[in-house]
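Numbering (the working numbering), first residue to last: 165 to 455. Quick reminder that beta carbons are idealized off the backbone N, C-alpha and C, glycines included. Keep in mind the model is a prediction, meaning the values are calculated, not measured. Just below is one structure, and these are the notes that go with it.
Written out as structure tokens, the structure reads:
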């Protein structure tokens, strides 16, 4: 299945938000990417969904083609932007799925506006990250996201160099993500001209968002809509420490077993739970279950 993302610009406070429809058939499902990611992170999941649904994936403020949108940043601001997208597409209610930071945003949208969200799918995010509460925020951000922030400051001579950077990433190396999914994602992140290409992601936005969400998972605790939290057993760099420990995820689900599910996806990390074949298939299957 070949995907040709169709762009739509949605007016929001401060300018226009870049929104992409991935797939042309089936009901629209809103998809929200992670903290240094972009809309094209959802290509593998969109392909796995096939004709059952079309993902409506946006570039958050400070990322992708929405990089020039001004702050303030933060989960509450992004949730308002999502409402603007739903209104622009005349979607009274829909399934919403988010990865990493996107999971926190989805939780906030669903908790504050439950009538607009049929179900929430949280992909390796949404709950408090262990260790974040006790740490100085910026110190924790530097330690937790240091290599990620370093990428934002790098310059790349051409597109292939940036693609190779991603191919060598500890979470992705070994060809675990197909080029047909990795290349559009990497290319969509680049701005500037050769030999000074760089990531479009604004470090200011990343720091503001990380400061807010690393120690806060309150919106997920308030969820009253049907919800599934998919968690990865391995972390950002394929290390054995997960972002969302299974015991915390199960505890969250047990508080409302009639509407919450906890699922650990085997043999994936924080990236491949969305980018990899197994992860994308699980995300698609979970979304389909709510349609």
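Look up residue 441 in the DSSP assignment and say whether it is helix, strand or coil. helix
Identify the continuous beta strand (DSSP E) that holds residue 263 and give its terminal residues. 258–263
Determine the direct distance from the alpha carbon of residue 446 to that of residue 430, and round the result to whole angstroms. 10 angstroms
Between which two residues does the alpha helix (DSSP H) harbouring residue 351 extend? 343–353
Determine the extent of the beta strand (DSSP E) in which residue 184 is found, giving its start and end residues. 179–186
Suppose you measure from the CA of residue 455 to the CA of residue 184; what does that come to, to the nearest Å? 20 angstroms
Note down the Cα distance separating residue 370 from residue 312, rounded to an integer number of angstroms. 10 angstroms
Have a look at residue 213 and residue 167 and give me their C-alpha separation to the nearest angstrom. 12 angstroms
C-beta atoms of residue 428 and residue 397 nearer than 8 angstroms: yes
Identify the continuous alpha helix (DSSP H) that holds residue 367 and give its terminal residues. 367–377
Check whether the segment 347–354 touches the segment 239–246, counting contact only when three or more Cβ pairs, one atom from each stretch, lie closer than 8 angstroms. no
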